[in-house]
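To convert, count from 1 in the sequence shown and add 14; that's the working numbering. Glycine included, every Cβ here is placed at the ideal spot set by N, Cα and C. All remarks here apply to the structure that follows.
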Amino acid sequence: MRITVLSGGVGGARFVRGLRALDSADDITVIANTADDIWLFGLKICPDLDSLMYTLGGGSDDDRGWGRSKETWNVKRELAAYGVEPSWFGLGDKDLATHVVRTQMTNAGYSLSEVTAALCARWEPGVRLLPMSDDRVETHVVVDDPSEPSGRRAIHFQEYWVRLRAAVLARGVVPVGIDDASAAPGVVDAVLDADVVVFAPSNPVVSIGTILGVADVAAAVRAAPAPVVGLSPIVGPGPVHGMADAMLAAIGVDVTAAAVAAHYGARSRGGFIDGWLVDIRDGSQLDTIRSAGIEPRAVPLLMTDPQATARMAAAALQLGADLR
Ligand code: FO1
């Protein structure tokens, strides 16, 4: 079965690892958000691609969810000793090698797709991992700043997420460069040729939302002959992982599984999904989701262990099969 997954970093990577464990999931393409990417210390860093690559390649720190296992932090300490900023973003020694290779290849003229393929040749993630675009797109978050004449300032998503821990009110989310970005090679075909398209339980605004912000990806998802199903990243009153609530508030979407489904919208009504999995504790929202033209199912949606995650993935494939 050809499965194409749209994914952010940490949560999406865990989900795809569960999906990959299924016998029926023998041909998986993962389209990764690249708008979290940032240039720091002269290096190009792609957090979501790397979380996917390390997690699926067996090299991630599972507790942190990002970066390498058994990491050391000598370079970080040395940079701090020189007073180099930003000190709030930590690059581990092992992780650093990935960014050096990526930056060298980028500076030599290779596209992000080519660089990703080269890095994956080492990690063998067991899926085809594609960046959403080879073009530079960076999410910026608008926050209050009384020292600015406008009273506001846009900061890089990583500064909002990592330095501010999303604890400051976000007035808006701006994916800089998205209007000029086009899908990376293979992305549109992966969506159009899939037997099922799956939205991982990733951030609907800054992960899946940004991937869908690339015009030809959005058009492919709308036109895909296969069903498109998603898993809610919201369980009960909040996100399963990360701080998606802050991002949803910034775009005026309620923090509920049903509101996120309505935000994506039914493909039959010009939106992006046909089916939507919510957690069993959100079963009372099924009617609301159905009335939005989306077929819902309630199943356990907490990725507590690999088996539970695989069952979630199986439920997504089953929903797709039911909709086919
Ligand atoms: N997240 C943190 O909370 N603190 C960090 O210092 C940090 C460093 C970092 C370095 C490389 C990388 O690929 C990811 C890193 N992350 C860090 C994770 C991260 O950037 C975010 O969790 C995601 O972008 C949100 O999906």
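Count the other CB atoms, across all protein chains shown, that sit within 10 Å of the CB of residue i; report buried if there are 16 or more and exposed otherwise.
{"i": "Gln118", "result": "exposed"}
{"i": "Tyr96", "result": "exposed"}
{"i": "Pro253", "result": "buried"}
{"i": "Asn217", "result": "buried"}
{"i": "Glu162", "result": "exposed"}
{"i": "Gln321", "result": "exposed"}
{"i": "Pro215", "result": "buried"}
{"i": "Val155", "result": "buried"}
At what residues does the alpha helix (DSSP H) containing residue i begin and finish?
{"i": "His255", "result": "Element bounds for His255: n/a, residue is neither H nor E."}
{"i": "Arg325", "result": "320-337"}
{"i": "Phe213", "result": "Looking at the DSSP string, Phe213 is not in any alpha helix (DSSP H); the run it does join, the beta strand (DSSP E), is 210-213."}
{"i": "Gly289", "result": "Segment 289-292 is the beta strand (DSSP E) holding Gly289; no alpha helix (DSSP H) there."}
{"i": "Val242", "result": "Counting along the chain, Val242 falls outside any alpha helix (DSSP H), though it belongs to the beta strand (DSSP E) covering 242-245."}
{"i": "Ala232", "result": "229-237"}
{"i": "Ile303", "result": "300-305"}
{"i": "Trp390", "result": "The structure shown does not extend to residue 390, since the chain is modelled only from 15 to 338, so the question has no answer here."}
How would you write the range of the beta strand (DSSP E) that residue i sits in, first residue to last?
{"i": "Ala312", "result": "309-312"}
{"i": "Ser21", "result": "16-21"}
{"i": "Pro189", "result": "186-190"}
{"i": "Val14", "result": "What the structure shows of the chain is the stretch from 15 to 338, and residue 14 is not part of that stretch, so it cannot be assessed."}
{"i": "Val44", "result": "41-46"}
{"i": "Leu57", "result": "57-59"}
Residues in the same chain with beta-carbon distance under 7 Å from residue i, minus the five sequence neighbours each way, listed in chain order, please.
{"i": "Phe103", "result": "Leu54, Gln172, Val176"}
{"i": "Gly71", "result": "Trp137, Glu138, Pro139"}
{"i": "Arg281", "result": "Arg236, Val242, Ile287, Asp288"}
{"i": "Ala329", "result": "Leu291, Arg311, Val313"}
Which value, in whole angstroms, describes the spacing of the CA atoms of residue i and residue j?
{"i": "Met317", "j": "Asp149", "result": "32 Å"}
{"i": "Gly297", "j": "Val211", "result": "23 Å"}
{"i": "Gly165", "j": "Leu262", "result": "22 Å"}
{"i": "Thr302", "j": "Ala272", "result": "7 Å"}
{"i": "Asp159", "j": "Ala240", "result": "46 Å"}
{"i": "Leu178", "j": "Asp259", "result": "15 Å"}
{"i": "Ser38", "j": "Gln332", "result": "11 Å"}
{"i": "Val30", "j": "Gly22", "result": "10 Å"}
{"i": "Ala232", "j": "Ala181", "result": "30 Å"}
{"i": "Asn121", "j": "Val219", "result": "30 Å"}
{"i": "Thr270", "j": "Ala131", "result": "36 Å"}
{"i": "Tyr174", "j": "Ala276", "result": "26 Å"}
{"i": "Ile265", "j": "Ala238", "result": "27 Å"}
Within the same chain, show all residues whose beta-carbon is closer than 6 Å to that of residue i, passing over the 5 residues directly before and after it, in chain order.
{"i": "Ser125", "result": "Asp148"}
{"i": "Leu144", "result": "Ile45, Ala198, Gly200, Val201"}
{"i": "Thr18", "result": "Thr43, Ala204, Val205, Ala208, Val211"}
{"i": "Ala35", "result": "Ala324"}
{"i": "Ser221", "result": "Gly22, Asn47"}
Using a Cβ-Cβ distance under 8 Å, would residue i count as near chain C?
{"i": "Asp293", "result": "Within the model displayed, chain C is absent; a lone protein chain is all it includes."}
So, at 8 Å on beta carbons, what are the nonlocal neighbours of residue i in its own chain, with the 5 sequence-adjacent residues on each side left out?
{"i": "Ser127", "result": "Leu144, Pro145, Asp148, Ala198, Pro199, Gly200"}
{"i": "Asp336", "result": "Gly289, Glu309"}
{"i": "Ser74", "result": "Ala27, Ser65, Tyr68, Trp80, Gly81, Arg82, Ser83"}
Say whether the segment 104-115 touches the segment 58-66, bearing in mind that this needs 3 or more beta-carbon pairs closer than 8 Å, one atom from each stretch. yes
Quick test of the definition: if touching needs 3 or more C-beta pairs under 8 Å, does the segment 130-142 touch the segment 86-96? no
Taking contact to mean 3 or more Cβ pairs, one atom from each stretch, closer than 8 Å, check whether the segment 243-250 and the segment 184-192 are in contact. Too few Cβ pairs lie closer than 8 Å, so no.
Segment contact flag, the segment 280-296 with the segment 307-322, C-beta cutoff 8 Å, min 3 pairs: Below 8 Å, enough C-beta pairs join the segment 280-296 and the segment 307-322 to call them touching: three or more.
May I have all residues whose beta carbon comes closer than 5 Å to any heavy atom of the ligand MG, sorted in chain order? As for the ligand MG, it is missing from this structure, which binds only the ligand FO1.
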